[in-house]
Amino acid sequence: MAVFRSGLLVLTTPLASLVPRLAPILTSAARLVNHTLYVHLQPGMNLGGPAQPQSSPVQATFEVIDFITHLYAGADLHRHLDVRILLTNIRTKSFLPPLPSSVQNLAHPPEVVLTDFQTLDGSQYNPVKQQLERYATSCYSCCPQLSSVLLYPDYGPGMLPVQPLDVPLPSTIRPASPVARSAKQPVRGHQRGAVGGTFDRLHNAHKVLLSVACILAQEQLVVGVADKDLLKSKLLPELLQPYTERVEHLSEFLVDIKPSLSFDLIPLLDPYGPAGSDPSLEFLVVSEETYRGGMAVNRFRLENGLEELTLYQIQLLKDLNPKENEEDKVSSSSFRQQMLGNLLRPPHKRPELPPGCYVIGLTGISGSGKSSVAQRLKGLGAYVIDSDQLGHRSYAPGGPAYQPVVEAFGTDILHKDGTINRKVLGSRVFGNKKQLKILTDIVWPVIAKLAREEVDQAVAEGEWAGRWEEPGEQLSRLSPRSCPHPKSDHPLSLGLRFLGSLTGSKWQGAAGFLPTGKRVCVIDAAVLLEAGWQNMVHEVWTVVIPETEAVRRIVERDGLSEAAAQSRLQSQMSGQQLVDQSHVVLSTLWEPHVTQRQVEKAWALLQKRISEAPSDP
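Quick note: the sequence shown uses full-length UniProt numbering, first residue 1, plus one each step.
So, in structure tokens, the structure goes:
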């Protein structure tokens, strides 16, 4: 069946009976819709009757809120889907005005409408589908050529109870008192309220928090979005979406689910935000993690002569399949961890680079663990070019940068044996931008030239590396300059492949080659981007680490004071500046085996995308 980019799922089964059916329904819907799935709750609606059904209000009870949470939790198994439960027809007891007569616009007009309503004979009964399409288009803006599907999920034997389960779902809103409440108890509405968070890569736990806030608010919802200083303590802050991007996604979601509300999205720059100072607010929605922050907001309000806010504490959404070092809740931190090693933007084409080589530029702030990542890549077969070593070569007597540096800075920078005293030279340029530029204008072009020569050398060596093998037996090993790579079109390579076909032997290429026959070169350079060397590489890979951890490592490794270590970091591009220009990001924050797994993942993805890329002309 065709796959649609956007869809509307109309759920008609009473909630108590719908709970055990929900997982198969979502699985069926996920097979048909691949981007945005809107969900409309209309329990008890009959699409098989003679009259055209109309949308009617659904009272907001704790059962409804708990079901919304249950649905978002189930949707987390289908993370390719952006699920949005529409709240226009869900009303609190104190606010039950008639439903709007106009059609609600949606950001992604549905191309297909789905339903759990089933006919007795289990068919795609045309009158029912027509009723469904008319119902959908009377409520929401849909694509002109709207399709419709009656879902008949495979519930499996014994999966559904004969009678609706009388077991309540876990409570979304944690009770303020130990007194038991009924699932059918209506939720109290308020005029104005607030909710806050980082809202990075809007996920299903965010959607629960926001949906509860939207149900509670009847006129205005103030949404504080963390920015600037409040982001510094976040895990992998370099991978956070920019504030404007987070607000854009957040605004689209909120307007989609409840357009009747007025939304005020503002930057959250301190722990209190508008919730601490706005006298018109009545409630604040918090999570289990931020409940103490909500209590602090109320203390702050009382100190400033304002009434306390009603706090609604929302239970966390559990992640059913957390990986090592990831939280057991659905969180943006885990999503950012999962981005490590992935390609973040398309690689550069770089036709001017040698066709037999694919070049990675590896960079990171001081103390990031960049060199250890380079060694791990070397262990996987990469040809590593150490720019620090090239710098030492350029400074050495007779080296290409030696005489220009001595002429620029004087002979008093030399040791007695004529070598350059790097400490004396460093003291001349540290903190002096003019002197530093003189030095870098001399040295950086020299190192870049040496690096290009190293790349050419890697390609030349790679073209003549390999061995003969038979199953279980290595027949011979040939020196790097005696045999061609198996993918080469060199006449000797062609002859060796032909000979192998006759003898049953197999010619194995040297390590570090992609299936295309290209060799992977890694230029390890802390100043890769400052020096403008990104034009020498296909991809920039950056290793990130929190600045506090970088300072600790520099102090331990180099014996510097904390102040000196911080001064060194401040003289470099920040991790954020590096990441903004990077294709792949890695981190050495965790145990060595976690770093190794990241590097292996990045290496495997690199090989896959290069082997699938079009061949060079």
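The C-beta atom is built at its ideal place from N, Cα and C for all residues, glycine as well.
#1: Assuming V579 and E238 make a contact with CB atoms under 8 Å, what is their CB distance in whole Å?
#2: Leaving out the 5 sequence neighbours to the left and right, which residues in its chain are closer than 7 Å to K258 when beta-carbon positions are compared?
#3: List the endpoints of the continuous alpha helix (DSSP H) containing I610.
#4: Mind checking which residues open and close the alpha helix (DSSP H) that includes A107?
#5: Is it true that the CB of V543 sits closer than 8 Å to the CB of L605?
#6: Going by beta carbon distance, what residues of the same chain come within less than 6 Å of F300, once the five residues before and after it are set aside?
#7: Beta strand (DSSP E) containing C214: first to last residue?
#8: Tell me the DSSP secondary structure of P144 in three-state form.
#9: State yes or no: is the C-beta of Y38 within less than 8 Å of the C-beta of L15?
#10: If we count Cβ pairs, one from each stretch, closer than 8 Å, do we get three or more for the segment 371–384 versus the segment 423–440?
#11: So what does DSSP say about K184, is it helix, strand or coil?
#12: Between R174 and G189, what straight-line distance do the alpha-carbon atoms span, to the nearest angstrom?
#13: Using only the alpha-carbon positions, how far apart do R181 and S171 sit?
#14: In the DSSP assignment, the beta strand (DSSP E) including G361 goes from what residue to what residue?
#15: Have a look at G197 and Q218 and give me their C-alpha separation to the nearest angstrom.
#16: Is the CB-CB distance between R84 and P57 below 8 Å?
#17: Buried or exposed: A564, going by 16 or more other Cβ atoms within 10 Å of its Cβ?
#18: Rounded to the nearest angstrom, how far is the Cβ of K184 from that of E63, given a contact under 8 Å?
#19: Assuming L317 and Y72 form a contact by the criterion Cβ under 8 Å, report the distance between their Cβ atoms to the nearest whole angstrom.
#20: Please classify Q570: does DSSP put it in a helix, a strand, or coil?
#21: Does the Cβ of Q124 have 16 or more other Cβ atoms within 10 Å, making it buried, or fewer, making it exposed?
#22: Can you give me the Cβ contacts of L436 inside the same chain, cut-off strictly under 8 Å, excluding the 5 residues immediately before and after it?
#23: Under a three-way DSSP split, which group does V162 fall into?
#24: For I442, I'd like the list of residues in its chain whose CB is within less than 8 Å of its CB, leaving aside the five on either flank, ordered along the chain.
#25: What separation, rounded to the nearest whole angstrom, lies between the Cα atoms of P43 and E289?
#26: Assuming S28 and P153 form a contact by the criterion Cβ under 8 Å, report the distance between their Cβ atoms to the nearest whole angstrom.
#27: Cβ atoms of A205 and G224: under 8 Å apart, would you say?
#28: Where does E392 land, buried or exposed, given buried means 16+ other C-beta within 10 angstroms?
#29: According to DSSP, is Y272 helix, strand or coil?
#30: Using only the alpha-carbon positions, how far apart do W590 and L340 sit?
#31: Which value, in whole angstroms, describes the spacing of the CA atoms of P274 and Q220?
#32: For the candidate residues L281, D256, Q54 and L22, whose alpha-carbon lies nearest to that of T69?
#33: Any idea if R422 is buried or exposed, counting beta-carbon neighbours within 10 angstroms, 16 or more meaning buried?
#34: Please check the pair V112 and S138, which I expect to be a contact at CB under 8 Å, by giving their CB distance rounded to whole angstroms.
#35: Roughly how many angstroms lie between the CA atoms of R336 and S251, to the nearest whole one?
#36: Between T12, Q130 and I314, which has its C-alpha nearest I65's C-alpha?
Put simply:
#1: In the sequence shown, counting from the first residue as 1, residue 579 sits at position 579. In the sequence shown, counting from the first residue as 1, residue 238 sits at position 238. Indeed, because the Cβ distance is near 4 Å, the residues count as touching under 8 Å.
#2: On the sequence shown, position 258 is the one that residue 258 refers to. L87, T88 and C214.
#3: Working through the sequence shown from its first residue, we reach residue 610 at position 610. Start and end: P592 to E612.
#4: The residue you call residue 107 lines up with position 107 of the sequence shown. From DSSP, A107 is part of no alpha helix (DSSP H); its letter is neither H nor E.
#5: Residue 605 sits at position 605 when you count from the first residue of the sequence shown. Residue 543 sits at position 543 when you count from the first residue of the sequence shown. At least 8 Å separates the beta-carbon of L605 from that of V543.
#6: By 1-based counting over the sequence shown, the position of residue 300 is 300. These residues qualify, in order along the chain: Y272 and G276.
#7: Working through the sequence shown from its first residue, we reach residue 214 at position 214. Note, C214: premise wrong, no beta strand (DSSP E); alpha helix (DSSP H) at N204 to L216.
#8: By 1-based counting over the sequence shown, the position of residue 144 is 144. Residue state for P144 is assigned as coil, using DSSP reduced to three classes.
#9: For the purposes of this step, residue 38 is identified with residue 38 of the sequence shown, where counting begins at 1. For the purposes of this step, residue 15 is identified with residue 15 of the sequence shown, where counting begins at 1. Not in contact: Y38 and L15 (Cβ atoms no closer than 8 Å).
#10: With fewer than three CB-CB distances shorter than 8 Å, the segment 371–384 does not count as touching the segment 423–440.
#11: What you label residue 184 is simply residue 184 of the sequence shown in a count that begins at 1. Correct three-state label for K184: coil.
#12: The sequence position of residue 174 within the sequence shown is 174, counting from 1. The sequence position of residue 189 within the sequence shown is 189, counting from 1. So the alpha carbons of these two residues sit roughly 17 Å apart.
#13: Numbered from 1 along the sequence shown, position 181 holds the residue referred to as residue 181. Numbered from 1 along the sequence shown, position 171 holds the residue referred to as residue 171. Each residue's Cα considered, the two are about 10 Å apart.
#14: Position 361 of the sequence shown, counting from 1, holds the residue named residue 361. Boundaries of the beta strand (DSSP E) harbouring G361: C357 to G364, taken from the DSSP string.
#15: Walking along the sequence shown from the start, residue 197 turns up at place 197. Walking along the sequence shown from the start, residue 218 turns up at place 218. Approximately 21 Å between the Cα atoms of the pair.
#16: Walking along the sequence shown from the start, residue 84 turns up at place 84. Walking along the sequence shown from the start, residue 57 turns up at place 57. No, the Cβ-Cβ distance between R84 and P57 is not below 8 Å.
#17: Looking up residue 564 in the sequence shown gives position 564. With fewer than 16 Cβ atoms within 10 Å of its Cβ, A564 is classed as exposed.
#18: Within the sequence shown, residue 184 is the residue found at index 184, counting from 1. Within the sequence shown, residue 63 is the residue found at index 63, counting from 1. With a Cβ gap of about 6 Å, K184 and E63 count as contacting.
#19: Looking up residue 317 in the sequence shown gives position 317. Looking up residue 72 in the sequence shown gives position 72. By a beta-carbon distance limit of 8 Å, L317 contacts Y72. Their separation comes to about 7 Å.
#20: Position 570 of the sequence shown, counting from 1, holds the residue named residue 570. DSSP places Q570 in helix when its eight states are reduced to three.
#21: Position 124 of the sequence shown, counted from the start, is the residue given in the question as residue 124. Per the 10 Å Cβ criterion, exposed.
#22: For this step, residue 436 is matched to residue 436 along the sequence shown. Same-chain partners within the cutoff: V429 and F430.
#23: By 1-based counting over the sequence shown, the position of residue 162 is 162. Its pLDDT being 49, under 50, V162 is placed unreliably by the model, and the measurement read from it follows with that caveat. Residue state, collapsed to three classes: coil.
#24: By 1-based counting over the sequence shown, the position of residue 442 is 442. Excluding its 5 nearest sequence neighbours in each direction, I442 has C-beta neighbours in its own chain below 8 Å: A401, P404, V405 and A408, listed in chain order.
#25: Translated into positions along the sequence shown, residue 43 becomes position 43. Translated into positions along the sequence shown, residue 289 becomes position 289. Distance between P43 and E289, taken at the CA atoms: about 33 Å.
#26: Position 28 of the sequence shown holds residue 28. Position 153 of the sequence shown holds residue 153. 5 Å between Cβ atoms; contact.
#27: Taking the first residue of the sequence shown as position 1, residue 224 is located at position 224. Taking the first residue of the sequence shown as position 1, residue 205 is located at position 205. No, the pair does not count as a contact, with Cβ atoms beyond the cut-off.
#28: Here residue 392 is taken as the residue at index 392 of the sequence shown, counted from 1. Reading off the sequence shown, one finds His at residue 392, where the question assumed Glu. With fewer than 16 Cβ atoms within 10 Å of its Cβ, H392 is classed as exposed.
#29: In the sequence shown, the residue the question calls residue 272 occupies position 272. In this structure, Y272 counts as coil in the three-state DSSP scheme.
#30: Walking along the sequence shown from the start, residue 590 turns up at place 590. Walking along the sequence shown from the start, residue 340 turns up at place 340. Straight-line Cα distance between these residues: approximately 12 Å.
#31: Counting from 1 along the sequence shown, the entry for residue 274 is found at position 274. Counting from 1 along the sequence shown, the entry for residue 220 is found at position 220. When rounded, the distance between both Cα atoms is 13 Å.
#32: Translated into positions along the sequence shown, residue 69 becomes position 69. L22 is the residue among L281, D256, Q54 and L22 whose C-alpha sits nearest the C-alpha of T69.
#33: Here residue 422 refers to the residue found at position 422 when the sequence shown is read from its first residue. Per the 10 Å Cβ criterion, exposed.
#34: Residue 112 sits at position 112 when you count from the first residue of the sequence shown. Residue 138 sits at position 138 when you count from the first residue of the sequence shown. About 17 Å separates the beta carbons of V112 and S138, which is beyond the 8 Å limit, so they are not a contact pair.
#35: The count along the sequence shown starts at 1 and reaches residue 336 at position 336. The count along the sequence shown starts at 1 and reaches residue 251 at position 251. About 22 Å.
#36: The sequence position of residue 65 within the sequence shown is 65, counting from 1. If we check each option's Cα against that of I65, I314 comes out closest.
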